[in-house]
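What follows is a single structure, written as structure tokens, with notes after it.
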Amino acid sequence: MEHKLASHREQIFAAAAYLRSVLPSIPQTAVILGSGLGPLAAQLNGPLAVDYREIPGFVASTAAGHSGRLVHGALEGQPVLVMQGRFHCYEGYDVLKTVFPVRVFAALGVKNLLVSNAAGGINPGLGDGALMLITDHIALFADSPLKGANLDELGPRFPDMTRAYDRDFQQIARQAALELEIRLFEGVYAYAKGPQYETPAEVRALAALGADAVGMSTVAEVTAARHCGMKVIGLSCITNMAAGIIDKTLNHEEVLEVSWRVSSDFCRLVTQIVKELPKEGD
179 MEHKLASHRE QIFAAAAYLR SVLPSIPQTA VILGSGLGPL AAQLNGPLAV
229 DYREIPGFVA STAAGHSGRL VHGALEGQPV LVMQGRFHCY EGYDVLKTVF
279 PVRVFAALGV KNLLVSNAAG GINPGLGDGA LMLITDHIAL FADSPLKGAN
329 LDELGPRFPD MTRAYDRDFQ QIARQAALEL EIRLFEGVYA YAKGPQYETP
379 AEVRALAALG ADAVGMSTVA EVTAARHCGM KVIGLSCITN MAAGIIDKTL
429 NHEEVLEVSW RVSSDFCRLV TQIVKELPKE GD
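In structure tokens form, the structure reads like this:
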């Protein structure tokens, strides 16, 4: 494990060095796009795309709806790095690999992280196509990216997760939604390992724990980001109601279809949020 962490550390700084050599600048903000939410990258001004396969330590993104590119550009004049697709444990990658891009961003000096995902709705008040501001998460069943020897140059051994999702950033999101007249729900996101969808019994258990939505990503990335001192904002696109909430079977094609259907509002909201996030020198 020690050797694995040492290699992980070396790869982080090798990837950061490579990106410094090919990107025109290092933005303060990075965005991770979930399944079907890739169209945001088309909104960037002056885009420069780097295929994941060209970046040392990055791997292929095999999930449907994930393009596998890191795109540099600007939203409303604010420089950003946008990940079109992420890495999941269910693809066969260990948790260190799933958070690798986040740690590379931290090594580059990125301060703000916006994470998004497609999720199943547990709270009956949510419906297909709802956008949910993540106020907290449940990661009890997630493998921690912080296990093993601590990477002291990135963060402390025992990082606090009381404010995993930055409260000031949440207020920026609420104000953005209000200005754009987009209904923005709020709730707790729960992690499930996947790739199978959850059973109705599992969904009932998550509901009892206080979860409003469930998905197969995000929490490890947020944990790694907070360990590195980055401020995080999270958004879920509710693409379906979770198993047992309604009497309907689930499929990934529906997830992608709903994501594409709401992508316009999602892109507008993210653009407005990014515009208001702290800039260099703030």
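Numbering (my numbering), first residue to last: 179 to 460. Cβ atoms here follow ideal geometry from the backbone N, Cα and C, with glycine treated the same way. Keep in mind it's a predicted model, so treat the numbers as computed, not measured.
If you draw a straight line from the Cα of ALA320 to the Cα of ALA219, it comes to about 29 Å.
Judged by their CB atoms, CYS406 and GLY333 are nearer to each other than the 8 Å cut-off. The residue from GLU364, SER395, LEU291 and ARG281 with its alpha-carbon nearest to that of ALA317 is SER395. LEU253 and LYS453 have their C-alpha atoms roughly 7 Å apart.
Note on ALA402: 16 or more other CB atoms within 10 angstroms of its CB, so buried under the neighbour-count rule.
Looking at the backbone, the Cα of ALA193 and that of TYR271 are separated by about 18 Å. Contact check for VAL277 against ALA208 fails: the beta carbons are separated by 8 Å or more. Counting only runs of 3 or more residues that sit fully inside the region 270–341, the beta strand (DSSP E) segments are 290–299 and 308–316, in chain order. In the displayed model, LEU215 falls within coil according to three-state DSSP, outside both helix and strand. The shortest CA-to-CA distance from GLN262 to any of SER245, GLU269, PHE283 and LEU274 is the one to SER245.
For GLN374, there is no enclosing beta strand (DSSP E), since its DSSP letter is neither H nor E. In the displayed model, HIS266 falls within coil according to three-state DSSP, outside both helix and strand. The three-state reading of DSSP puts ALA386 in helix, counting H, G and I together. Residue environment analysis places PRO323 among the buried positions, since at least 16 neighbouring C-beta atoms fall within 10 angstroms of its C-beta. In the DSSP secondary-structure assignment, CYS415 is bridged to ALA296 and LEU309. In the DSSP annotation of this structure, the continuous segment of the alpha helix (DSSP H) that includes ALA355 starts and ends at 345–358. Shown here for PRO217: same chain residues with a beta carbon closer than 7 Å to its own, the five before and five after excluded, namely SER441 and CYS445 in chain order.
In the structure shown, PHE363 adopts extended strand secondary structure according to DSSP, grouped into three states. Three or more Cβ pairs closer than 8 Å define a contact, and the region 297–307 meets that threshold against the region 416–430. CA-to-CA, the gap between MET339 and ALA195 works out to about 29 Å.
When secondary structure is reduced to three states using DSSP, LYS453 falls in the helix class. DSSP places THR401 within a helical segment (H, G or I) once states are collapsed to three. Comparing C-alpha distances from SER437 to each of GLY305, VAL366 and ARG335 shows the shortest one belongs to GLY305.
Taking all protein chains shown into account, GLY388 has fewer than 16 neighbouring C-beta atoms within 10 Å of its C-beta and is therefore exposed. Annotated three-state conformation of PRO378 is helix, per DSSP. Linking GLY224 to LYS275 through their CA atoms gives a straight-line distance of about 29 Å.
For LEU226, the enclosing beta strand (DSSP E) starts and ends at 223–229.
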